[in-house]
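Here is the structure we will look at, set down as structure tokens.
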Amino acid sequence: MNAKVETVYSKIKEQKFSEIKFLSITVDPENDSVSVLSEYSKKFNADPSIWYFATGTQQDVFKTGQGFLVPVSKEDTTIDHSQQLLLIDKEKHIRGIYNGLDEVELSRLKDEIKVLLYEYHTNQKQG
Numbered sequence: 011m012n013a014k015v016e017t018v019y020s021k022i023k024e025q026k027f028s029e030i031k032f033l034s035i036t037v038d039p040e041n042d043s044v045s046v047l048s049e050y051s052k053k054f055n056a057d058p059s060i061w062y063f064a065t066g067t068q069q070d071v072f073k074t075g076q077g078f079l080v081p082v083s084k085e086d087t088t089i090d091h092s093q094q095l096l097l098i099d100k101e102k103h104i105r106g107i108y109n110g111l112d113e114v115e116l117s118r119l120k121d122e123i124k125v126l127l128y129e130y131h132t133n134q135k136q137g
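Basically our numbering = 1-based index in the sequence shown + 10.
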């Protein structure tokens, strides 16, 4: 999925939208150590000031997923990897949930990022 996210990320990075950040949270912290995630971020040419890769204990990762309403579970030895992407605004409100493998959904995400940026810039001018 991160290859598809990279297309959205590249567009944001190219246009230098400092308000937009990406956060990838592993759902397999037992195998995805900090060094593994660091290599993974290099694979996608992720700018560490824009795209963060995070891990933690399995309990913390699952709790975070639940907090974002993203189902994450471990059945026996199989990890259920969520394909969902969330757009979260500065106020920590979920603005949208998208299927990270669906081109139409990714296009909708790009459009809704533009709407969010427009709101931010409009509010800055008024404030």
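For every residue, glycine included, the Cβ atom is placed at its ideal position computed from N, Cα and C. Note that the structure is predicted; figures quoted are calculated from it, not measured.
Identity of the residue in the options nearest residue i by Cα
{"i": "LYS14", "options": "LEU95, TYR128 and HIS131", "result": "LEU95"}
{"i": "LYS124", "options": "SER20, ILE30 and GLY75", "result": "ILE30"}
{"i": "THR17", "options": "TYR128, LYS135, ASN133 and VAL114", "result": "VAL114"}
Close Cβ partners of residue i (< 7 Å) along its chain, the five nearest in sequence each way excluded
{"i": "LEU47", "result": "THR36, PHE63 and THR65"}
{"i": "TYR130", "result": "GLU29"}
{"i": "PHE141", "result": "The structure shown does not extend to residue 141, since the chain is modelled only from 11 to 137, so the question has no answer here."}
{"i": "GLN93", "result": "MET11, ASN109, GLY110 and LEU111"}
Proximity of residue i and residue j at Cβ, strictly below 9 Å
{"i": "GLY108", "j": "LEU126", "result": "Per the sequence shown, residue 108 should be read as Tyr rather than Gly. Not a contact, by the Cβ cut-off of 9 Å."}
{"i": "GLY110", "j": "LEU97", "result": "no"}
{"i": "TYR19", "j": "PHE32", "result": "yes"}
{"i": "SER34", "j": "TRP61", "result": "yes"}
{"i": "PHE72", "j": "ILE104", "result": "no"}
Close beta carbons around residue i, own chain, < 8 Å, minus the five adjacent residues each side
{"i": "ASP57", "result": "LYS23"}
Rounded straight-line distance, which links the Cα of residue j to that of residue i
{"i": "VAL80", "j": "ASP112", "result": "17 Å"}
{"i": "THR87", "j": "LYS100", "result": "Any reading at THR87 is ruled out, since the residue's pLDDT is 47, under 50, leaving its predicted position unreliable."}
{"i": "LYS53", "j": "ASP70", "result": "25 Å"}
{"i": "GLN134", "j": "SER59", "result": "22 Å"}
{"i": "THR74", "j": "GLN136", "result": "34 Å"}
{"i": "LYS102", "j": "GLN25", "result": "23 Å"}
{"i": "SER45", "j": "ASN55", "result": "15 Å"}
{"i": "THR132", "j": "LEU116", "result": "24 Å"}
{"i": "ASP121", "j": "LYS21", "result": "12 Å"}
Run through the segment 17–65 for me and flag every whole alpha helix (DSSP H) of 4 or more residues, listed as ranges in chain order. 44–53
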